[in-house]
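**Q** Would you mind keeping the following structure in view while I ask a few things?
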Amino acid sequence: MSREEGLQRRYSRLEEALEIKSLRRIISAYINYADAAEEDVKRYERSFRKLSREHKGLLSHLPLKFQRFRRCISANSFFIMNMLQAFDPPFDMSQDIDFDGHSDIGRFSNGHLCTHASHHMQDYSAYVKGSVPESIDIASGPELSSCSGSCDQTPSNRNNEKQEISSESSCSLVMNMNTPNGNTNLIDESMDKVKLICNLDASLHDSTPNGNVRCIIRNIVRDWAVEGQKERDQCYKPILEELNRLFPDRCKERPPSCLVPGAGLGRLALEISCLGFVSQGNEFSYYMMICSSFILNQTEAANQWIIYPWIHGNCNSLSDDDQFRPISFPDIQPASAGITEGFSMCGGDFIEVYNDMDQEGAWDAVVTCFFLDTAHNIVEYIEIISKVLKDGGVWINLGPLLYHFADSCAPEEEMSIEISLEDAKKVALQYGFEIEMEKIIETTYTANPRSMMQNHYYAAFWTMKKKPRT
Ligand SMILES: C[S@@+](CC[C@H](N)C(=O)[O-])C[C@H]1O[C@@H](n2cnc3c(N)ncnc32)[C@H](O)[C@@H]1O
318 MSREEGLQRR
328 YSRLEEALEI
338 KSLRRIISAY
348 INYADAAEED
358 VKRYERSFRK
368 LSREHKGLLS
378 HLPLKFQRFR
388 RCISANSFFI
398 MNMLQAFDPP
408 FDMSQDIDFD
418 GHSDIGRFSN
428 GHLCTHASHH
438 MQDYSAYVKG
448 SVPESIDIAS
458 GPELSSCSGS
468 CDQTPSNRNN
478 EKQEISSESS
488 CSLVMNMNTP
498 NGNTNLIDES
508 MDKVKLICNL
518 DASLHDSTPN
528 GNVRCIIRNI
538 VRDWAVEGQK
548 ERDQCYKPIL
558 EELNRLFPDR
568 CKERPPSCLV
578 PGAGLGRLAL
588 EISCLGFVSQ
598 GNEFSYYMMI
608 CSSFILNQTE
618 AANQWIIYPW
628 IHGNCNSLSD
638 DDQFRPISFP
648 DIQPASAGIT
658 EGFSMCGGDF
668 IEVYNDMDQE
678 GAWDAVVTCF
688 FLDTAHNIVE
698 YIEIISKVLK
708 DGGVWINLGP
718 LLYHFADSCA
728 PEEEMSIEIS
738 LEDAKKVALQ
748 YGFEIEMEKI
758 IETTYTANPR
768 SMMQNHYYAA
778 FWTMKKKPRT
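Residue numbers (the numbering used here): 318 to 787.
If you want it as structure tokens, here you go:
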């Protein structure tokens, strides 16, 4: 082995160790969901106990409300537990990771672990044949204000292979449980098994922040519940209509291809597939990929699951019933939605995966929805989008410019290029785009439609065409 090969191997081992570490944190956050939520309920109870007798009397229903919280938390945990049981990690999670005292570890400390050409692909085309696989496999947004840049734990797969739906799983616990029935012991036992299989450290369990898990729960509503339909109509429908307009002569034999970077929980990528495109979602957050994989791969029937997404906010609630309303999902069964063959999800950092010679001129369309502002360097995103498109290919974008790294407390070495819409469009023109259509679309993002507070974006929506080189 040459010195270079030796270094490369050590480097890969280091990357894998770091990815395992990162993945353990995310699984811990999911496992820790119920405990973190219970802490909130205890806090409500403590405050209630501080009330005078007279005030307590006026709010005498609150103790029952606290118990209601606990039942909803159990139901949410039940879903999470099923999802984790179905998760087949891309690594042997039982191994003790060893950093070899490698001094480069600091370079990765921001959680962006993806390396060049490292990606993890999942092909959902097996579903076109209409079967629900019995097996378990992995693939894998936040409310922008609370989650920006933080649901960003990166998957990678150095094997660089497309992963087909498999029938083997190292992490499968195969416990067929269909109803929560408030059986918290069963949930705890199952979570303990996942902890064991993934070799999770107790300290990690206690210290992992839980905001991202709550973001995922809200994203489930956006992408996969009837209640999210209005938001999907605001964001996804105009994009789908544009694709339909721009590719009127799609044929099944040679469907056009469409890449969806920052695909979140995968609904838009799925809808594009159903429209007759070879669609590929790209996503770098394990939080997202674990959940999207479960919904896309494991759903047996529409509305199979029930969660209570709105229990985590006491503010701006019109009534307790609003706060405790259940949401069933997914509203459709992905397997029977009419996917076009070749639908896949590719895990990894957009920049790392697609800034590659193989990807040059590979796509007929790129669709970015609430994605551009996730960049450290938006110019680099635009450059890569231009590179991966064929000449004459189209880029449809919808979203605000709420730059995820625009944080004055960020470490000095962290880059965040925060340009205006006008400048972003100028950059696009420099990369060979011409504007075909542009407008502003008013929309929400993972909003609770019954909240007294609604954040609305006036999102940029455009179609640009990559001019053929002369
Ligand atoms: C605001 S969310 C939007 C998700 C989805 N497009 C939607 O409209 O619901 C942005 C998504 O991009 C993902 N993301 C951010 N940076 C990324 C990167 N460099 N590569 C791949 N995905 C990324 C995040 O994990 C997140 O799921």
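Backbone N, C-alpha and C fix where the C-beta goes; we use that ideal spot for every residue, glycine too.
By DSSP's criteria, LYS756 is part of a beta bridge. Which residues make up the other side?
**A** BP columns for LYS756 point to PHE778.
**Q** How many angstroms separate the CA atom of TYR603 from the CA atom of LEU368?
**A** Taking the straight line from one Cα to the other gives about 42 Å.
**Q** Mapping the DSSP letters down to three states, classify ASN772 as helix, strand or coil.
**A** It is coil, neither helix nor strand.
**Q** Identify whether GLU739 lies in helix, strand or coil by the three-state DSSP scheme.
**A** The answer is helix: DSSP assigns GLU739 an H, G or I state.
**Q** Taking the alpha helix (DSSP H) that SER610 falls in, what are its first and last residues?
**A** Per DSSP, SER610 belongs to the alpha helix (DSSP H) from 603 to 615.
**Q** With C-beta atoms as the reference, is ARG385 less than 9 Å away from PHE641?
**A** Cβ atoms of ARG385 and PHE641: closer than 9 Å.
**Q** Closest to SER661 by C-alpha separation, out of ASP673, GLN621, CYS591 and VAL711, would be which residue?
**A** Nearest option by C-alpha distance: CYS591.
**Q** What ranges does the alpha helix (DSSP H) occupy inside the region 357 to 382, keeping only unbroken runs of at least 4 residues that lie completely in it?
**A** Fully enclosed alpha helix (DSSP H) runs of 4 or longer: 370 to 375.
**Q** By the 10 Å Cβ neighbour count, where 16 or more other Cβ atoms means buried, how is PRO651 classified, buried or exposed?
**A** Classification of PRO651: buried, given that the 10 Å Cβ count is 16 or more.
**Q** From what residue to what residue does the alpha helix (DSSP H) around GLY528 run?
**A** Start and end: 528 to 541.
**Q** For CYS552, verify whether its CB is less than 8 Å away from any heavy atom of ligand 1.
**A** CYS552: yes, Cβ under 8 Å from ligand 1.
**Q** Which two residues bound the contiguous alpha helix (DSSP H) that contains ALA682?
**A** No alpha helix (DSSP H) contains ALA682, which is instead part of the beta strand (DSSP E) from 680 to 686.
**Q** Grab me the residues of GLU700's own chain with a C-beta within less than 7 Å of its C-beta, minus the 5 sequence neighbours each way, in chain order.
**A** Closer than 7 Å at the Cβ level, and outside the excluded window around GLU700, lie TYR748.
**Q** Note down the Cα distance separating ASP648 from ILE397, rounded to an integer number of angstroms.
**A** Between ASP648 and ILE397, the C-alpha separation is close to 18 Å.
**Q** What first and last residue would you give for the alpha helix (DSSP H) that runs through ASN561?
**A** Looking at the DSSP string, the run of the alpha helix (DSSP H) that includes ASN561 is 546 to 563.
**Q** Quick one: is CYS726 buried, meaning 16 or more other Cβ sit within 10 Å of its Cβ, or exposed?
**A** CYS726 should be labelled exposed.
**Q** Any idea what DSSP makes of LEU517, helix, strand or coil?
**A** Note: LEU517 maps to coil in three-state DSSP.
**Q** Can you give the Cα-Cα distance for PRO573 and LEU560, rounded to whole angstroms?
**A** Each residue's alpha carbon lies about 10 Å from the other.
**Q** Take every Cβ of the region 616 to 632, pair it with every Cβ of the region 661 to 677, and state whether three or more of those distances are shorter than 8 Å.
**A** Taking 8 Å as the limit for Cβ pairs, the verdict is that the region 661 to 677 does not touch the region 616 to 632.
**Q** Suppose the cutoff is 6 Å on Cβ atoms and the five residues either side in sequence are ignored; what does the same chain contact list for ALA679 look like?
**A** Contacts found: VAL705.
**Q** Okay, do the region 565 to 583 and the region 623 to 632 touch, 3+ Cβ pairs below 8 Å being the bar?
**A** These segments do not touch.
**Q** I need the DSSP call for LYS510, collapsed to helix, strand or coil.
**A** Three-state result, LYS510: helix.
**Q** Could you tell me the distance, in whole angstroms, from the CA atom of TRP779 to the CA atom of ILE713?
**A** Those two C-alpha atoms are separated by around 6 Å.
**Q** Less than 8 Å between the CB atoms is what I'm expecting for PHE794 and ILE504, so what's the real figure, rounded?
**A** Residue 794 falls outside the range modelled here, since the chain spans only 318 to 787, and no answer is possible.
**Q** Among the candidates PRO578, LYS547, ILE589 and PHE404, whose CA atom is the shortest distance from the CA of ARG567?
**A** Per the Cα distances, ILE589.
**Q** For ALA353, is the beta carbon positioned less than 8 Å from some heavy atom of ligand 1?
**A** No, the beta carbon of ALA353 sits no closer than 8 Å to any heavy atom of ligand 1.
**Q** Do CYS575 and VAL595 count as a contact pair if the criterion is CB distance below 9 Å?
**A** Yes, they are a contact pair.
**Q** Applying the criterion that 16 or more other CB atoms from any shown protein chain within 10 Å of the CB defines a buried residue, is LYS512 buried or exposed?
**A** Per the 10 Å Cβ criterion, buried.
**Q** Give the DSSP-derived three-state secondary structure of GLU751 in the structure shown.
**A** DSSP places GLU751 in strand when its eight states are reduced to three.
**Q** Between which two residues does the beta strand (DSSP E) harbouring LYS784 extend?
**A** Segment: none, LYS784 is in no beta strand (DSSP E) and carries neither H nor E.
**Q** If I measure Cβ to Cβ from PHE408 and keep anything under 8 Å in the same chain, skipping five residues before and after, which residues do I get?
**A** If we look at PHE408 and ignore the five residues flanking it on each side, its Cβ neighbours are GLU333, GLU336, ILE337 and LEU340.
**Q** Would you check whether ligand 1 has a heavy atom nearer than 8 Å to the C-beta of ALA580?
**A** Yes, Cβ of ALA580 sits closer than 8 Å to a heavy atom of ligand 1.
**Q** Helix, strand or coil for GLN597 per DSSP?
**A** Note: GLN597 maps to strand in three-state DSSP.
**Q** Compute the minimum distance between the beta carbon of TYR762 and the heavy atoms of ligand 1, and state whether it is under 8 Å.
**A** Result yes, Cβ under 8 Å from ligand 1.
**Q** May I ask you to check if the CB of ASP666 is nearer than 8 Å to at least one heavy atom of ligand 1?
**A** The answer is yes for ASP666.
**Q** I'd like the list of long-range same chain contacts for GLY598, defined as Cβ closer than 6 Å, with 5 residues on each side in sequence excluded.
**A** Within the same chain, GLY598 has close Cβ partners VAL577, ALA580, GLY583, ALA586 and MET662.
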